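For the sequence shown, this note's numbering assigns the number 198 to the initial residue and increments by one for each residue that follows.
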Amino acid sequence: MNTPTKDINLALLIDVDNIAYRYTENILSELSKYGKVTIRRMYGDWSQLRLKSWLSIASKYSLTPIMQPNNSPGKNASDIGLIIDAMDILYSGEVEGFCI
Numbered sequence: 198m199n200t201p202t203k204d205i206n207l208a209l210l211i212d213v214d215n216i217a218y219r220y221t222e223n224i225l226s227e228l229s230k231y232g233k234v235t236i237r238r239m240y241g242d243w244s245q246l247r248l249k250s251w252l253s254i255a256s257k258y259s260l261t262p263i264m265q266p267n268n269s270p271g272k273n274a275s276d277i278g279l280i281i282d283a284m285d286i287l288y289s290g291e292v293e294g295f296c297i
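Right, here's the structure in full:
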């Protein structure tokens, strides 16, 4: 098994509809074993009151909120926005790993 290296840059992309904000510190702690999290984004429809807790911790963990309005039925807009950003980041060469 390969030993993790702390020399790589990582991207953390969070779909806030699928995880509770209280896990953020644990996620970042685990990622620090593998490298430096240089991109930290969280995706959601910030007009929804149930996501207020995420916005309250954004600055503490240097998370950039990305607005993804959920205007259409079916596939979640946050999923689609996150995937598009992940592809852009992948092709930019800024990071060597992702946590989604």
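Cβ coordinates follow ideal geometry from the N, Cα and C atoms, glycine included. Since the structure is predicted, the reported quantities are computational estimates derived from the model, not experimental observations.
Rounded to whole angstroms, residue 212 and residue 205 show a C-alpha spacing of 23 Å. Between residue 263 and residue 289, the alpha-carbon positions lie close to 19 Å from each other. The DSSP-derived three-state label of residue 260 is coil. The shortest CA-to-CA distance from residue 296 to any of 222, 265, 237, 203 is the one to 237.
When the Cα atoms are used, residue 265 and residue 252 turn out to be separated by approximately 14 Å.
Taking the CA atoms as reference points, residue 217 sits about 16 Å from residue 227. By the criterion of a C-beta distance shorter than 7 Å, residue 273 is surrounded in its chain by 214, 267, once the five residues flanking it on both sides are discounted. Between the alpha carbons of residue 247 and residue 280 lies a gap of roughly 23 Å.
For residue 249, the three-state secondary structure derived from DSSP is helix. Secondary structure of residue 223 (DSSP, three-state): helix.
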